[in-house]
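Beneath this line is the structure, given in structure tokens, with notes to follow.
Protein chains in written order, with this note's numbering: chain A, 490 to 781; chain B, 640 to 919.
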């Protein structure tokens, strides 16, 4: 393998390979801040001036300690949080509130237990009043994509945790959104199921060509899956680094024992631990994670 | 792995639904034991009353109760009064369900309704409903209508309170899901909140059905022309204790039948909520 374990900083200073024109930016956050008022009257600086661009079809992961505001960030992009300062642009236009072009996978599958697998997948189509016949065909092909063909008539309580999360992924894709937001989608699964689901998700990402914004607690999951890993830090919630993951695709589990992969995870761990300069002297660009 | 593992994380697919409960050697054996114990109890009762010469107006033997039940049913006396009580109990219960679920939904969904109507309902709940029964009989007469109102009042609150709790206790994740899709309040209510509240609502209905029978009988005690409660009073005045027991048997069976009916609808409607699916 010709991969050198160098860490591509972001935004790139010399190379123009990652320089993209603005119309291929799927999600753009510009100076987004969010302040919560707690019940006791204190104010919490959940997000402080977040600027971040995500290119179309890019796989971006966010890691950071609890309370660094990563979920808040996802909720803002997903339209679940309307009270914030700054701007959110989706494919170049300003947005606030729910958007049809986004699918969300939550930490819990959040399936409706009284609906079958098929009915659960069709829920967004029902709410968005999409053509029923087309949605049905799409639901069947999505269930096949997530490896659940033949389970259409099962109820959620008949499925394992991993299967439920796969139904949730199919549901998030039923209305064919271009952006998929995932909030620790596999956090509740055991390690083996999780690795398997990571591979599944990469397969889905390859075939469905979505922009993915995934929150995770797992450094190796972030490095394994992503084109770029955003590292956040709490109090106030801010981006401390963006690390391009230059590992070749398609990726498989052998990569986990690869030296280059180990270098990335080591780097990410240093960043998380508050060491903002890597051992090999490369300076990490702080705060700004935007394409110009 | 055992069949009843409650681990929701990585269970294999449950194929067969419910499995046979282990530890019961003879199918139906438990029922034989229960019925046998009941028969022995009746025999002891019968024997004790005869041997000790207990007068009929204190404690009649089971045979006298059986005889009274038989003649009461055959003459149509019990059937007529039962029909009245059953009618008002069921009508009152449905009225309570209608208002309980309807008002509960309005209170849970609209803050203004919660602020204006709910305090009054709380006040009404604190009031012993039986105390206003005479007033209701003055307003609605001695007929079946006043009893329907009393039944509805008595049975309303468990349904109302459970409906409100059920609708409000909806999992935030499911609400976020609906919100991310831009669902309207009505869509969220219809597709998520209401089905989600069903286990709570049925818990309320299970309590309410027992209270409905109570309200029905007490209402008849306070003032009525017919009904099993009315008949109990009449038998009481005549020291016909055997008939009182016979009516109690009918009321007991009626109560069990109504509870079973509610539970039947519950299991049909909430097949997913069989105890091992809370954390989906």
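Built from N, CA and C at the ideal position, the CB exists for glycine as well.
The structure displayed is predicted, hence computed values, not measured ones.
At a CB-CB cut-off below 8 Å, which residues of chain B make contact with residue 616 of chain A?
817, 820, 821, 822, 826, 830
For residue 823 of chain B and residue 806 of chain B, I'd like the C-alpha separation in whole angstroms.
16 Å
Within its chain, find whatever has a CB closer than 8 Å to the CB of residue 520 of chain A; leave out the 5 residues flanking it on each side and keep chain order.
538, 539, 540, 574, 575, 576
Whole-Å CB distance - residue 638 of chain A paired with residue 605 of chain A, under 8 Å assumed
The Cβ separation is near 14 Å, so there is no contact.
Same chain, Cβ closer than 6 Å to residue 859 of chain B, five either side skipped, listed in chain order:
Closer than 6 Å at Cβ, skipping near neighbours: 866, 868, 869.
Helix or strand or just coil, what does DSSP make of residue 509 of chain A?
Per-residue confidence for residue 509 of chain A stands at a pLDDT of 43, beneath the threshold of 50, marking its modelled position as unreliable; the derived number appears in the next sentence. In the structure shown, residue 509 of chain A sits in coil (DSSP, three-state: anything other than H, G, I, E or B).
At a CB-CB cut-off below 7 Å, which residues of chain B make contact with residue 597 of chain A?
Listed along chain B are 812, each with a C-beta nearer than 7 Å to that of residue 597 of chain A.
I want to know whether the stretch 687–697 of chain A touches the stretch 654–669 of chain A - three or more CB-CB distances under 8 Å.
yes
Between the beta-carbon of residue 821 of chain B and the beta-carbon of residue 588 of chain A, is there less than 9 Å?
Yes, the pair counts as a contact, with Cβ atoms nearer than the cut-off.
Kindly indicate which three-state DSSP category residue 660 of chain B falls into: helix, strand or coil?
Bear in mind that a pLDDT of 48 at residue 660 of chain B, under 50, signals an unreliable position, so the number given afterwards is only what the model happens to contain. In this structure, residue 660 of chain B counts as coil in the three-state DSSP scheme.
Would you mind stating whether residue 723 of chain A and residue 586 of chain A have Cβ atoms separated by less than 9 Å?
no
Which residues, taken in chain order from the stretch 645–656 of chain A, show a beta carbon closer than 7 Å to some beta carbon of chain B?
Those residues of the stretch 645–656 of chain A that come within reach of chain B (Cβ to Cβ, closer than 7 Å) are 645, 646, 647, 648, 649, 650, 651, 653.
Please classify residue 431 of chain A: does DSSP put it in a helix, a strand, or coil?
No information on residue 431 of chain A is available, as it lies outside the stretch 490 to 781 that chain A covers here.
Strictly under 9 Å for the Cβ-Cβ distance: is residue 591 of chain A near chain B by that measure?
yes
Kindly list the residues whose CB is nearer than 6 Å to the CB of residue 700 of chain B, restricted to its own chain and excluding five residues on each side of it in sequence; keep chain order.
685, 688
Counting only runs of 4+ residues fully inside the stretch 685–734 of chain B, write out the alpha helix (DSSP H) ranges in chain order.
701–713
Could you tell me whether any Cβ in chain A is nearer than 9 Å to the Cβ of residue 869 of chain B?
no
In chain A, which residues lie less than 9 Å from residue 834 of chain B when you measure between Cβ atoms?
601, 602, 603, 604
Proximal residues to residue 853 of chain B (C-beta, below 7 Å), its chain only, five neighbours per side dropped:
Cβ within range, chain order: 793.
Rounded to whole angstroms, what is the Cα-Cα separation between residue 535 of chain A and residue 548 of chain A?
24 Å
What residues in its chain sit with their C-beta under 6 Å from that of residue 835 of chain B, if we drop five residues either side in the sequence?
The residues are 809.
Any C-beta of chain B sitting closer than 9 Å to the C-beta of residue 586 of chain A?
yes
Step through the CB atoms of chain B and report whether any lies within less than 9 Å of the CB of residue 569 of chain A.
True, the Cβ-Cβ gap to chain B drops below 9 Å.
Three-pair Cβ contact test at 8 Å for the stretch 678–695 of chain A versus the stretch 732–745 of chain A
yes
Look at residue 842 of chain B and residue 801 of chain B and say whether their C-beta atoms are less than 9 Å apart.
yes
Judging by CA-CA distance, which residue of B:880, B:844, B:892 is the nearest neighbour of residue 905 of chain B?
B:844
Is the CB-CB distance between residue 721 of chain A and residue 559 of chain A below 9 Å?
yes
Give the interface partners of residue 613 of chain A over in chain B, defined as CB-CB distance under 7 Å, in chain order.
Under the 7 Å cutoff, chain B gives 820.
Counting contacts by CB-CB distance shorter than 9 Å, is residue 879 of chain B in contact with chain A?
no
Can you give the Cα-Cα distance for residue 817 of chain B and residue 655 of chain A, rounded to whole angstroms?
18 Å
Near residue 719 of chain B, which residues of its chain fall below 8 Å by C-beta distance, leaving aside the five closest residues on each side in sequence?
865
Could you name each continuous beta strand (DSSP E) segment of 3 residues or more that falls completely within the stretch 683–710 of chain A, going from the start of the chain to the end?
700–704
Just the Cα atoms here: how many angstroms apart are residue 782 of chain B and residue 857 of chain B?
Their backbone Cα atoms lie some 14 Å apart in a straight line.
Counting contacts by CB-CB distance shorter than 9 Å, is residue 726 of chain B in contact with chain A?
Output row for residue 726 of chain B: interface = no.
If we cut at 9 Å on Cβ distances, does residue 627 of chain A have a partner in chain B?
no
Local conformation of residue 654 of chain A per DSSP, three classes
helix
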